[in-house]
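Undergrad:
There are 2 protein chains.
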Amino acid sequence: MEEEQRLRLSTVYAAGSLPDAEAWEALRRKTTAAHAQLEEGTGTGAVMRGWLRFPAAYLESDEFARVQSAAAQIRKADALLVIGIGGSYLGARAVIEAVLGRHYNETRKVFPAVYFAGNSISAKECAELEALLEGREFYINVISKSGKTLEAALAYRHFRAVLERKYADQPGEAKRHIYATTDAAKGALRAQCAGADWDARRFVVPDDMGGRYSVLSAVGLLPIACAGVDIAALLRGAAAAQAAYAEPGEDNACNSYAALRYHFYTHGRKSVELFATYEPSMTLFGEWFKQLFGESEGKENKGLFPASVTFTTDLHSLGQYIQEGERFLFETVVTFREPANTLAVQRCAEDGDELNYLAGRKWHDINRAAFRATALAHQKGGCPSLHIALARQDAEALGWLIYFFEKACAISGYMLGVNPFDQPGVESYKNFMFALLGKAGSEETRAALAAAYGNDIFKED
Amino acid sequence: MEEEQRLRLSTVYAAGSLPDAEAWEALRRKTTAAHAQLEEGTGTGAVMRGWLRFPAAYLESDEFARVQSAAAQIRKADALLVIGIGGSYLGARAVIEAVLGRHYNETRKVFPAVYFAGNSISAKECAELEALLEGREFYINVISKSGKTLEAALAYRHFRAVLERKYADQPGEAKRHIYATTDAAKGALRAQCAGADWDARRFVVPDDMGGRYSVLSAVGLLPIACAGVDIAALLRGAAAAQAAYAEPGEDNACNSYAALRYHFYTHGRKSVELFATYEPSMTLFGEWFKQLFGESEGKENKGLFPASVTFTTDLHSLGQYIQEGERFLFETVVTFREPANTLAVQRCAEDGDELNYLAGRKWHDINRAAFRATALAHQKGGCPSLHIALARQDAEALGWLIYFFEKACAISGYMLGVNPFDQPGVESYKNFMFALLGKAGSEETRAALAAAYGNDIFKED
Numbered sequence: 024m025e026e027e028q029r030l031r032l033s034t035v036y037a038a039g040s041l042p043d044a045e046a047w048e049a050l051r052r053k054t055t056a057a058h059a060q061l062e063e064g065t066g067t068g069a070v071m072r073g074w075l076r077f078p079a080a081y082l083e084s085d086e087f088a089r090v091q092s093a094a095a096q097i098r099k100a101d102a103l104l105v106i107g108i109g110g111s112y113l114g115a116r117a118v119i120e121a122v123l124g125r126h127y128n129e130t131r132k133v134f135p136a137v138y139f140a141g142n143s144i145s146a147k148e149c150a151e152l153e154a155l156l157e158g159r160e161f162y163i164n165v166i167s168k169s170g171k172t173l174e175a176a177l178a179y180r181h182f183r184a185v186l187e188r189k190y191a192d193q194p195g196e197a198k199r200h201i202y203a204t205t206d207a208a209k210g211a212l213r214a215q216c217a218g219a220d221w222d223a224r225r226f227v228v229p230d231d232m233g234g235r236y237s238v239l240s241a242v243g244l245l246p247i248a249c250a251g252v253d254i255a256a257l258l259r260g261a262a263a264a265q266a267a268y269a270e271p272g273e274d275n276a277c278n279s280y281a282a283l284r285y286h287f288y289t290h291g292r293k294s295v296e297l298f299a300t301y302e303p304s305m306t307l308f309g310e311w312f313k314q315l316f317g318e319s320e321g322k323e324n325k326g327l328f329p330a331s332v333t334f335t336t337d338l339h340s341l342g343q344y345i346q347e348g349e350r351f352l353f354e355t356v357v358t359f360r361e362p363a364n365t366l367a368v369q370r371c372a373e374d375g376d377e378l379n380y381l382a383g384r385k386w387h388d389i390n391r392a393a394f395r396a397t398a399l400a401h402q403k404g405g406c407p408s409l410h411i412a413l414a415r416q417d418a419e420a421l422g423w424l425i426y427f428f429e430k431a432c433a434i435s436g437y438m439l440g441v442n443p444f445d446q447p448g449v450e451s452y453k454n455f456m457f458a459l460l461g462k463a464g465s466e467e468t469r470a471a472l473a474a475a476y477g478n479d480i481f482k483e484d
Numbered sequence: 024m025e026e027e028q029r030l031r032l033s034t035v036y037a038a039g040s041l042p043d044a045e046a047w048e049a050l051r052r053k054t055t056a057a058h059a060q061l062e063e064g065t066g067t068g069a070v071m072r073g074w075l076r077f078p079a080a081y082l083e084s085d086e087f088a089r090v091q092s093a094a095a096q097i098r099k100a101d102a103l104l105v106i107g108i109g110g111s112y113l114g115a116r117a118v119i120e121a122v123l124g125r126h127y128n129e130t131r132k133v134f135p136a137v138y139f140a141g142n143s144i145s146a147k148e149c150a151e152l153e154a155l156l157e158g159r160e161f162y163i164n165v166i167s168k169s170g171k172t173l174e175a176a177l178a179y180r181h182f183r184a185v186l187e188r189k190y191a192d193q194p195g196e197a198k199r200h201i202y203a204t205t206d207a208a209k210g211a212l213r214a215q216c217a218g219a220d221w222d223a224r225r226f227v228v229p230d231d232m233g234g235r236y237s238v239l240s241a242v243g244l245l246p247i248a249c250a251g252v253d254i255a256a257l258l259r260g261a262a263a264a265q266a267a268y269a270e271p272g273e274d275n276a277c278n279s280y281a282a283l284r285y286h287f288y289t290h291g292r293k294s295v296e297l298f299a300t301y302e303p304s305m306t307l308f309g310e311w312f313k314q315l316f317g318e319s320e321g322k323e324n325k326g327l328f329p330a331s332v333t334f335t336t337d338l339h340s341l342g343q344y345i346q347e348g349e350r351f352l353f354e355t356v357v358t359f360r361e362p363a364n365t366l367a368v369q370r371c372a373e374d375g376d377e378l379n380y381l382a383g384r385k386w387h388d389i390n391r392a393a394f395r396a397t398a399l400a401h402q403k404g405g406c407p408s409l410h411i412a413l414a415r416q417d418a419e420a421l422g423w424l425i426y427f428f429e430k431a432c433a434i435s436g437y438m439l440g441v442n443p444f445d446q447p448g449v450e451s452y453k454n455f456m457f458a459l460l461g462k463a464g465s466e467e468t469r470a471a472l473a474a475a476y477g478n479d480i481f482k483e484d
């Protein structure tokens with residue numbers, strides 16, 4: 024079975040915490056119903072399912088070819104500054120680091136550096152990025168559906184001005200160094216990029232997928248391609264997963280994963296899901312995972328809280344808690360079967376560190392032993408491990424993994440009874456922020472704040 | 024009051040979730056008792072309180088002067104490779120990034136790059152680091168109390184061999200490029216660094232402080248100094264905190280913080296503490312925080328689960344969950360009052376992004392408005408915010424903050440009734456790992472594993 028070769032879900036390290044046969048039957052029925060809701064569009068937020076059948080189709084699209092051309096142009100420069108936040112940031116950075124390593128900007132040989140701005144309001148971070156770009160030819164890829172998201176808009180205004188000063192004596196040159204990924208028809212950024220001269224440098228944030236489901240669209244693909252990752256392979260992996268998980272059934276690992284995490288949450292009294300890997304280069308992928316699941320499920324006072332760990336690093340920090348703290352954790356571990364390289368332990372004449380018993384063994388195999396030992400220890404301590412094994416840490420496997428989690432997340436949301444595609448809670452702080460900043464239209468919130476907290480609330484503390 | 028100027032703990036954003044006067048009295052008594060246990064050494068693990076009165080004394084020590092000399096030597100090279108894991112890794116990287124920014128290896132002008140190895144068993148990561156060091160003069164600072172911690176020992180064996188190959192025709196030169204921080208008298212690494220020629224290149228991991236409390240010893244100070252951070256200022260900040268929090272009392276912010284988080288845990292049904300900042304360069308500091316509190320409190324099936332977020336970045340990922348997911352979260356927010364720079368929003372003729380209402384405003388002030396708005400929104404949503412304000416993001420403030428959290432953590436552990444200085448659960452996975460790897464002495468665990476899981480457990484899956 025192809026899927027078995029591409030992604031394997033194993034529950035061996037969760038033995039003892041798994042549903043019995045009867046519970047499993049009930050879970051299957053529930054998962055299959057949620058799968059049908061998703062596939063048939065009968066669930067809440069159905070209009071946002073664009074990502075569901077996107078990967079296979081997009082490979083053949085005109086825009087995909089345009090993304091490749093744009094990336095070829097940008098790769099002639101020394102750096103790309105990606106401006107975006109949330110789903111317009113995490114997915115691209117996660118894939119780039121997962122494939123090229125977390126030091127990719129320092130180890131790169133031929134491809135441009137790829138930096139990310141517009142994902143905070145830190146003056147310190149902005150100044151550092153500006154210093155990094157000083158004296159180098161760089162492009163901007165600004166990614167924002169509305170063009171009004173505060174963080175991205177602030178950074179775009181700032182770095183666009185940097186380009187304009189740099190090319191002050193070359194009319195049009197600053198603009199030629201900007202690529203925009205935005206709404207197909209409307210919005211502030213779309214309006215700023217009107218006109219035929221933008222046609223080759225403008226890409227679409229699809230209407231039918233939220234930010235956290237958008238990494239395989241132009242949103243993620245353009246920066247990923249610029250960094251030198253094979254985006255066709257990424258999409259092929261996702262398209263293969265799309266085919267593999269199209270039908271519900273006993274062998275649908277995506278549904279099984281959704282069923283098991285639902286079981287842990289509802290019957291196993293687990294409240295926190297730890298996304299775990301044994302590769303530091305997967306740390307940002309953990310951040311992407313946290314957005315996907317946290318934003319999709321965390322509503323109506325429900326949902327597993329998503330946390331992430333990078334092992335074995337964090338066995339020396341959070342390991343104690345996972346082993347013996349509050350017993351509300353389970354972990355979802357992603358590993359890769361094939362080694363990235365053949366690095367092995369060398370024999371050492373004096374053996375002062377007593378590692379000679381490992382001489383000749385591959386680091387990869389030692390790392391996998393650490394994984395298995397940890398899963399055994401955590402299960403024994405009451406933290407069961409689900410294990411997702413992929414063949415290798417490359418673009419194709421990551422495409423598969425992205426689609427796997429996206430679909431499992433949507434099904435999980437329906438099982439939980441929430442809309443997995445909205446994020447109503449995100450507006451709350453924005454409303455207060457605009458009121459504190461005195462934005463037009465926020466007068467009512469200002470009055471409410473003054474009534475509740477007094478006028479001191481508008482002062483810096 | 025000096026403390027008020029250096030660190031301010033504010034509870035305004037937790038109003039409504041705070042203890043009433045009677046509960047506060049009981050909390051005060053409990054906190055004061057824990058404070059006395061710590062100061063007087065009557066609590067469990069008392070022998071590990073070396074960090075408590077360390078900062079002021081260490082500033083005057085011979086070793087501190089030797090750390091400064093060693094750093095001056097290492098700074099002549101192009102790179103330093105720090106080998107260590109857990110407390111021998113996180114603190115140093117956290118301080119370096121917090122002061123110099125997260126891109127410090129790319130923005131640096133005069134100081135060496137500082138890379139961190141030996142904190143995972145990833146073959147991919149190791150190969151990347153080796154590629155980064157190719158052709159550059161670099162030093163190693165290996166940090167391990169025993170010299171047998173697997174991750175650090177594997178990396179040290181590997182990179183020591185790299186140095187030996189590099190200086191194959193210059194006897195003694197490889198060794199001269201290695202600095203060791205290890206036990207004062209015993210252990211495998213200490214034995215490897217015996218002899219007078221190591222005297223100037225060997226530093227002490229104190230016996231009386233665990234890894235997570237060791238960042239202000241040579242463990243953290245040497246790498247931090249090499250990166251170009253003022254370690255005297257770091258220690259001065261910690262020493263000032265040491266003086267400020269020596270006595271219990273209403274105005275001891277450290278005790279108040281311990282009391283409030285205990286209240287949230289025991290009476291507020293909060294299970295997860297979110298460490299939050301609004302500076303991306305503080306992200307690694309969040310990892311240090313997680314180790315400190317998670318490893319100190321997470322035992323006997325108790326303790327707040329420590330998670331960390333970097334805002335506003337993560338308002339666009341975990342923000343939805345924090346606002347509306349399970350209501351078991353509170354957040355501890357660290358901010359800095361003074362701006363890192365004067366970056367301000369520029370006016371733009373067309374105002375396509377509608378940001379002109381912010382023209383002339385500093386990014387720093389907008390970021391602070393985001394903080395206050397978020398705290399208001401989260402409190403309204405049932406996630407109260409404690410707020411720790413420091414004057415500025417520099418070495419002195421970070422020294423203060425480190426000591427503040429260390430002491431609050433120790434007091435918290437005593438309030439919870441656990442030993443805040445041990446980590447018994449960390450051995451569990453190690454025992455299984457050594458059994459899977461076939462290390463001598465693990466025969467009994469191997470037999471137990473075979474009995475429980477069959478011999479398949481020893482096969483790669």
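Each protein sequence line maps, in turn, to chains W and B. Everything in the first sequence is counted per my numbering, starting at 24 for the first residue and increasing by one. Everything in the second sequence is counted per my numbering, starting at 24 for the first residue and increasing by one. Yeah, the Cβ is synthetic: ideal placement off N, Cα and C, and Gly gets one too.
(1) Which of the three DSSP states, helix, strand or coil, is assigned to valine 118 of chain B?
(2) In angstroms, rounded to a whole number, what distance separates the CA positions of tyrosine 179 of chain W and tryptophan 311 of chain B?
(3) If you run the structure through DSSP and keep just helix, strand and coil, what is leucine 318 of chain W?
(4) Going by DSSP, what residue range makes up the alpha helix (DSSP H) through threonine 397 of chain W?
(5) Does the segment 75-91 of chain B come close enough to the segment 230-248 of chain B to have 3 or more Cβ pairs within less than 8 Å?
(6) Which parts of the segment 432-479 of chain B are runs of the alpha helix (DSSP H), unbroken and 4 residues or longer, counting only runs that do not cross its ends?
(7) Tell me, please, which residues DSSP counts as bridged to tyrosine 380 of chain W.
(8) What is the DSSP secondary structure of glycine 39 of chain B, reduced to helix, strand or coil?
(9) Check whether the Cβ atoms of glutamate 286 of chain B and proline 443 of chain B lie closer than 8 Å to each other.
(10) Give every residue of the same chain whose Cβ lies closer than 7 Å to the Cβ of tyrosine 280 of chain B, excluding the five residues on either side of it in the sequence, and list them in chain order.
(11) Taking 8 Å as the threshold (beta carbon to beta carbon), is asparagine 156 of chain W in contact with chain B?
(12) What do you get for tyrosine 162 of chain B, buried or exposed, if any count of 16 or more other CB atoms within 10 angstroms of its CB means buried?
(13) Judging by CA-CA distance, which residue of W/Thr204, W/Arg183, W/Asp206 is the nearest neighbour of glycine 195 of chain W?
(14) Expressed to the nearest angstrom, what Euclidean distance is found between the alpha-carbon atoms of glycine 64 of chain W and valine 70 of chain W?
(15) What distance in whole Å lies between the Cβ atoms of tyrosine 36 of chain W and leucine 399 of chain W, which are believed to be in contact at a cut-off of 8 Å?
(16) Check glutamate 354 of chain W in the structure and name its three-state DSSP category.
(17) Nearest by alpha-carbon distance to alanine 208 of chain B: which of B/Tyr202, B/Phe226, B/Ala191 is it?
(18) Which whole-angstrom value is the C-beta distance of alanine 393 of chain W and threonine 335 of chain W, which I expect to be below 8 Å?
(19) Tell me which residues share the same chain as phenylalanine 87 of chain B and place their Cβ nearer than 7 Å to its Cβ, disregarding the 5 neighbours each side in the sequence.
(20) Can you give me the C-alpha to C-alpha distance between glutamine 343 of chain W and glycine 448 of chain B, rounded to a whole angstrom?
(21) By the 10 Å Cβ neighbour count, where 16 or more other Cβ atoms means buried, how is alanine 470 of chain B classified, buried or exposed?
(22) Quick check on histidine 290 of chain B: does DSSP put it in helix, strand or coil?
(23) Using the rule of at least 16 other Cβ atoms within 10 Å of the residue's Cβ for burial, across every protein chain shown, is alanine 57 of chain B buried or exposed?
(24) For my contact list, alanine 261 of chain B and tyrosine 426 of chain B are in at a C-beta cut-off of 8 Å; report their separation, rounded to the angstrom.
(25) For aspartate 194 of chain B, would you say it is in contact with chain W, using Cβ-to-Cβ distances shorter than 8 Å as the test?
(26) Report yes or no: is there a C-beta of chain B within less than 8 Å of the C-beta of glutamate 26 of chain W?
(27) Under 8 Å: do the segment 320-339 of chain W and the segment 418-425 of chain W share three or more Cβ pairs, one atom per stretch?
(28) Secondary structure at tyrosine 190 of chain B, three-state DSSP: helix, strand or coil?
(29) Cβ of arginine 213 of chain W within 8 Å of Cβ of threonine 204 of chain W?
(30) Count the other C-beta atoms from every protein chain shown that fall within 10 angstroms of the C-beta of glycine 519 of chain W, then say buried if there are 16 or more, exposed otherwise.
(31) Just how far apart, CA to CA, sit cysteine 149 of chain B and glutamine 446 of chain W?
(32) Under 8 Å, Cβ to Cβ, is there at least one residue of chain B near glycine 477 of chain W?
(33) Could you check whether the Cβ of methionine 456 of chain W sits closer than 8 Å to any Cβ belonging to chain B?
(34) Do serine 340 of chain W and glycine 109 of chain B have their CB atoms nearer than 8 Å?
(35) So, with DSSP's three-state summary, where would you put threonine 205 of chain B?
TA: To lay it out plainly:
(1) For the purposes of this step, residue 118 of chain B is taken as residue 95 along the second sequence, with counting starting at 1. Correct three-state label for valine 118 of chain B: helix.
(2) Within the first sequence, residue 179 of chain W is the residue found at index 156, counting from 1. Within the second sequence, residue 311 of chain B is the residue found at index 288, counting from 1. Tyrosine 179 of chain W and tryptophan 311 of chain B: Cα-Cα distance of roughly 32 Å.
(3) For this step, residue 318 of chain W is matched to residue 295 along the first sequence. The question names leucine, but residue 318 of chain W is glutamate in the sequence shown. DSSP places glutamate 318 of chain W in helix when its eight states are reduced to three.
(4) As a first step, residue 397 of chain W is located in the first sequence; it is residue number 374 there, counting from the start. For threonine 397 of chain W, the enclosing alpha helix (DSSP H) covers residues 386-404.
(5) As far as the Cβ criterion goes, the segment 75-91 of chain B touches the segment 230-248 of chain B, which means the pair count is three or higher.
(6) Within the segment 432-479 of chain B, the runs of alpha helix (DSSP H) at least 4 residues long that lie entirely inside it are, in chain order, 450-460, 466-476.
(7) By one-based count along the first sequence, residue 380 of chain W stands at place 357. Partner(s): none; tyrosine 380 of chain W has no beta bridge.
(8) On the second sequence, position 16 is the one that residue 39 of chain B refers to. Glycine 39 of chain B falls in the coil class under three-state DSSP.
(9) On the second sequence, position 263 is the one that residue 286 of chain B refers to. On the second sequence, position 420 is the one that residue 443 of chain B refers to. The question names glutamate, but residue 286 of chain B in the sequence shown is histidine. Against a cut-off of 8 Å, the Cβ pair of proline 443 of chain B and histidine 286 of chain B comes out as no contact.
(10) Numbered from its first residue, the second sequence carries residue 280 of chain B at position 257. In the same chain as tyrosine 280 of chain B, and ignoring 5 residues on each side of it, the C-beta atoms closer than 7 Å to its own belong to Leu32, Leu409, Ala431, in chain order.
(11) Taking the first residue of the first sequence as position 1, residue 156 of chain W is located at position 133. Residue identity check: residue 156 of chain W is leucine in the sequence provided, not asparagine. Leucine 156 of chain W does not count as touching chain B.
(12) The residue labelled residue 162 of chain B in the question sits at position 139 within the second sequence. Classification for tyrosine 162 of chain B: buried.
(13) Taking the first residue of the first sequence as position 1, residue 195 of chain W is located at position 172. Comparing Cα positions, the closest option is W/Arg183.
(14) Indexing the first sequence from 1 puts residue 64 of chain W at position 41. Indexing the first sequence from 1 puts residue 70 of chain W at position 47. One Cα belongs to glycine 64 of chain W, the other to valine 70 of chain W, and the distance between them is close to 8 Å.
(15) In the first sequence, counting from the first residue as 1, residue 399 of chain W sits at position 376. In the first sequence, counting from the first residue as 1, residue 36 of chain W sits at position 13. Between tyrosine 36 of chain W and leucine 399 of chain W the Cβ distance is about 7 Å, and since that is below 8 Å, they are a contact.
(16) For the purposes of this step, residue 354 of chain W is taken as residue 331 along the first sequence, with counting starting at 1. The three-state secondary structure of glutamate 354 of chain W, taken from DSSP, is strand.
(17) Mapped onto the second sequence, residue 208 of chain B falls at position 185. Cα-wise, what sits closest to alanine 208 of chain B is B/Phe226.
(18) To locate residue 393 of chain W, count along the first sequence from 1; it is residue 370. To locate residue 335 of chain W, count along the first sequence from 1; it is residue 312. Between alanine 393 of chain W and threonine 335 of chain W a beta carbon distance of about 5 Å is seen, short of the 8 Å cut, so the two are scored as contacting.
(19) Translated into positions along the second sequence, residue 87 of chain B becomes position 64. Answer for phenylalanine 87 of chain B: Tyr81, listed in chain order.
(20) Position 320 of the first sequence, counted from the first residue, corresponds to residue 343 of chain W. Position 425 of the second sequence, counted from the first residue, corresponds to residue 448 of chain B. Between the C-alpha atoms of glutamine 343 of chain W and glycine 448 of chain B there is a straight-line separation of about 5 Å.
(21) As a first step, residue 470 of chain B is located in the second sequence; it is residue number 447 there, counting from the start. It is exposed - the Cβ of alanine 470 of chain B has fewer than 16 other Cβ atoms within 10 Å.
(22) Locating residue 290 of chain B in the second sequence gives position 267, where the first residue counts as 1. It is coil, neither helix nor strand.
(23) Taking the second sequence and counting its residues from 1, one reaches residue 57 of chain B at position 34. Around the beta carbon of alanine 57 of chain B, 16 or more other beta carbons lie within 10 angstroms, which makes this residue buried.
(24) Numbered from its first residue, the second sequence carries residue 261 of chain B at position 238. Numbered from its first residue, the second sequence carries residue 426 of chain B at position 403. 4 Å between Cβ atoms; contact.
(25) As a working note, residue 194 of chain B is residue 171 in the second sequence. Reading off the sequence shown, one finds proline at residue 194 of chain B, where the question assumed aspartate. Not one chain W Cβ lies under 8 Å of proline 194 of chain B.
(26) For the purposes of this step, residue 26 of chain W is taken as residue 3 along the first sequence, with counting starting at 1. Since pLDDT at glutamate 26 of chain W reaches only 45, below the 50 mark, its modelled position is unreliable, and the value read off the structure follows with that caveat. Cβ-Cβ to chain B under 8 Å: no for glutamate 26 of chain W.
(27) These segments do not touch.
(28) Indexing the second sequence from 1 puts residue 190 of chain B at position 167. Tyrosine 190 of chain B sits in coil when the DSSP states are folded into three classes, being neither helix nor strand.
(29) As a working note, residue 213 of chain W is residue 190 in the first sequence. As a working note, residue 204 of chain W is residue 181 in the first sequence. No, they are not a contact pair.
(30) This structure cannot settle anything about residue 519 of chain W, because the visible part of chain W is limited to 24 through 484.
(31) Counting from one through the second sequence, the residue named residue 149 of chain B turns up at place 126. Counting from one through the first sequence, the residue named residue 446 of chain W turns up at place 423. If you draw a straight line from the Cα of cysteine 149 of chain B to the Cα of glutamine 446 of chain W, it comes to about 39 Å.
(32) The residue given as residue 477 of chain W occupies position 454 in the first sequence. Judged by the 8 Å Cβ criterion, glycine 477 of chain W is not in contact with chain B.
(33) One-based indexing of the first sequence puts residue 456 of chain W at position 433. By this cut-off, methionine 456 of chain W is an interface position.
(34) Locating residue 340 of chain W in the first sequence gives position 317, counting from the first residue. Locating residue 109 of chain B in the second sequence gives position 86, counting from the first residue. With respect to the 8 Å criterion, serine 340 of chain W and glycine 109 of chain B are classified as neighbours on the basis of their beta carbons.
(35) Stepping through the second sequence from its first residue, residue 205 of chain B is reached at position 182. Here threonine 205 of chain B sits in strand by DSSP.
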